[in-house]
Amino acid sequence: MMQGLGNAAAKIHAIDFAGGTVVHMSSGYSALVLCLILGKRLGFGKKNFAPHSVVLTMIGASLLWVGWYGFNSGSALAADVIAANAFTTTTLATAFGAFCWPILEWIFKGKPTVVGFCSGAVAGLVVITPACGYVSPTGSVIIGVVAAVIPYFFCTVVKSFFKYDDALDTFGVHGIGGTCGAILTGILATPTVNANLSTNLSGYITSHTLVFEQLKAVGVTIVLAVVGTTVLAYIVKALLGGLRPTEDIELQGLDFADHGESGYHYEEA
Numbered sequence: 173m174m175q176g177l178g179n180a181a182a183k184i185h186a187i188d189f190a191g192g193t194v195v196h197m198s199s200g201y202s203a204l205v206l207c208l209i210l211g212k213r214l215g216f217g218k219k220n221f222a223p224h225s226v227v228l229t230m231i232g233a234s235l236l237w238v239g240w241y242g243f244n245s246g247s248a249l250a251a252d253v254i255a256a257n258a259f260t261t262t263t264l265a266t267a268f269g270a271f272c273w274p275i276l277e278w279i280f281k282g283k284p285t286v287v288g289f290c291s292g293a294v295a296g297l298v299v300i301t302p303a304c305g306y307v308s309p310t311g312s313v314i315i316g317v318v319a320a321v322i323p324y325f326f327c328t329v330v331k332s333f334f335k336y337d338d339a340l341d342t343f344g345v346h347g348i349g350g351t352c353g354a355i356l357t358g359i360l361a362t363p364t365v366n367a368n369l370s371t372n373l374s375g376y377i378t379s380h381t382l383v384f385e386q387l388k389a390v391g392v393t394i395v396l397a398v399v400g401t402t403v404l405a406y407i408v409k410a411l412l413g414g415l416r417p418t419e420d421i422e423l424q425g426l427d428f429a430d431h432g433e434s435g436y437h438y439e440e441a
């Protein structure tokens with residue numbers, strides 16, 4: 173099967189500037205598989221699992237935003253106009269994602285949050301990643317809005333409906349965000365931004381069929397991530413006799429059990 177997938181992937185004329193499929197989609201769908209195999213955390217649905225430090229959340233999101241330029245712009249492999257465009261589109265998509273997510277919270281929950289701002293920023297970064305060197309600034313604004321709307325829906329409505337315990341919304345932000353980014357790249361990519369598209373993919377651009385190549389790449393990525401993660405998870409489970417710690421260790425926190433220190437204290441209600 174893997175050989176067949178490899179042959180199919182070799183015939184796919186998809187584009188991905190900085191790793192939307194191989195980084196974000198693969199990690200997001202793998203996270204969904206693992207959270208289903210592991211099951212819910214103790215107290216899920218009954219305890220408050222909100223981030224224990226909004227300050228650290230904001231610092232982490234800020235570090236991600238700054239660091240993201242390294243591999244988005246750096247994927248141009250030169251200090252040229254394509255790298256500059258990637259820098260600009262990354263900034264705009266992230267800003268609009270960070271702006272729109274809290275607005276959605278305000279509309280549907282009655283109040284915007286800092287965590288929502290951070291989630292929108294990360295979602296914007298994720299969705300623009302495969303497209304940053306191929307789309308215009310206008311396209312990146314569209315991507316930023318989509319990055320807020322669709323991942324927000326999956327992180328709130330879909331997760332609540334199916335009741336899976338994705339602690340960090342890795343599937344909703346990275347898996348779904350990466351999928352949106354791959355598809356939107358096929359719709360919004362333009363040779364006026366990146367002349368390589370005219371050289372290598374002119375037929376797909378002019379016939380507006382690049383999006384179908386992107387959908388093929390999305391399908392292959394999902395299959396590889398889901399099948400590969402499932403097989404590896406059950407191999408590890410069989411070798412170690414399980415994947416979860418004991419209830420006592422889970423309540424204490426793995427940081428404390430493994431390292432003897434922790435910044436989080438769990439308390440029974």
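In this note's numbering, the protein residues as written are 173 to 441. All C-beta atoms, glycine included, are put in the ideal place defined by N, C-alpha and C.
Query	Result
Quick check: F326 and Y201, are their CB atoms within less than 9 Å of each other?	no
Taking the alpha helix (DSSP H) that P223 falls in, what are its first and last residues?	Premise fails: P223 is in no alpha helix (DSSP H) and is neither H nor E.
Quick one: what does DSSP say A265 is sitting in, helix, strand or coil?	helix
Just confirm the distance between the C-beta atoms of G296 and A265, as a whole number of angstroms; I'd bet it's less than 8 Å.	4 Å
Can at least three beta-carbon pairs, one atom from the segment 297–311 and one from the segment 356–375, be found at a separation below 8 Å?	yes
From this set, D188, S198, A186 and A251, which residue's C-alpha is nearest T393's C-alpha?	S198
Express the C-alpha separation of G292 and V321 in angstroms, rounding to a whole number.	9 Å
Relative to the C-alpha of V390, which candidate in D420, G425, F428 and G350 has its C-alpha closest?	G350
Can you give me the C-alpha to C-alpha distance between V226 and K283, rounded to a whole angstrom?	15 Å
Determine the burial state of E277: buried for a count of at least 16 other Cβ atoms within 10 Å of its Cβ, exposed for fewer.	buried
Can you tell me which of the three DSSP states A367 falls into?	coil
Can you find at least 3 beta carbon pairs, one from the segment 217–225 and one from the segment 374–391, that sit closer than 8 Å?	no
How far does the alpha helix (DSSP H) with K212 in it extend, from its first residue to its last?	K212 -> no alpha helix (DSSP H), and no H or E assigned at all.
Out of V398, C207, N366 and L236, point me to the one whose CA is closest to A339's CA.	C207
What residue range is occupied by the uninterrupted alpha helix (DSSP H) comprising D341?	Unbroken run through D341: none, as it is neither H nor E.
Hey, P302 and F189 are a contact pair by Cβ (cut 8 Å); roughly how many whole angstroms apart?	6 Å
Rounded to whole angstroms, how far is the Cβ of V205 from the Cβ of V398, which I believe are closer than 8 Å?	6 Å
Report the three-state DSSP secondary structure of I421 (helix, strand or coil).	helix
Since G269 contacts A319 with CB under 8 Å, what's their CB separation in whole angstroms?	4 Å
Are G288 and I300 closer than 9 Å when you measure CB to CB?	no
Thinking just about the alpha-carbon of each residue, which of G400, K212, Q386 and T328 is nearest to the one in G192?	Q386
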